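Numbering (the UniProt record's numbering), first residue to last: 1 to 101.
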């Protein structure tokens, strides 16, 4: 894999992680009654969809890596998004529990 491909996947990963955290925050704030503008919520959804699409298109068009590597990168990306959401949720829950004490 060339350096420019590695850079592309890294940029998409960072963008996806930011989009996942931003979307989770917007959804949770809205659920808790904290005001969230509809434009921010829409941009968060759009960013998440774009990040997933860019990774899928990049992996589909990657000719230099095998199918098993594509699967590995795809699963690593999805699980990284899940991990970012989970960490943010746990940090926020812990902070809220400390405030109640």
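Just so it is clear, CB atoms sit at the ideal spot from N, CA and C, and this is done for glycine as well. This one's a predicted model, so the numbers in the text were calculated from it and none came from an experiment.
{"Item": "In the DSSP assignment, find the alpha helix (DSSP H) that holds residue 62 and state where it starts and stops.", "Value": "From DSSP, residue 62 is part of no alpha helix (DSSP H); its letter is neither H nor E."}
{"Item": "Return the chain-ordered list of same chain residues with a C-beta closer than 6 angstroms to the C-beta of residue 15, the five sequence neighbours on each side being excluded.", "Value": "51"}
{"Item": "For residue 12, which of helix, strand or coil comes out of DSSP?", "Value": "helix"}
{"Item": "State the CB to CB distance for the pair residue 17 and residue 45, rounded to an integer number of angstroms; the pair is presumed to be in contact (CB under 8 angstroms).", "Value": "About 16 angstroms; that fails the 8 angstroms criterion."}
{"Item": "Might you give, ordered along the chain, the residues of its own chain that have their beta carbon closer than 7 angstroms to the beta carbon of residue 12, omitting 5 neighbours on each side?", "Value": "51, 54, 55 and 58"}
{"Item": "Determine the direct distance from the alpha carbon of residue 9 to that of residue 102, and round the result to whole angstroms.", "Value": "Examination of residue 102 is not possible in this model, given that the chain is present from 1 through 101 alone."}
{"Item": "So residue 84 packs on residue 21, CB below 8 angstroms; how close in whole Å?", "Value": "5 angstroms"}
{"Item": "Count the other C-beta atoms from every protein chain shown that fall within 10 angstroms of the C-beta of residue 81, then say buried if there are 16 or more, exposed otherwise.", "Value": "buried"}
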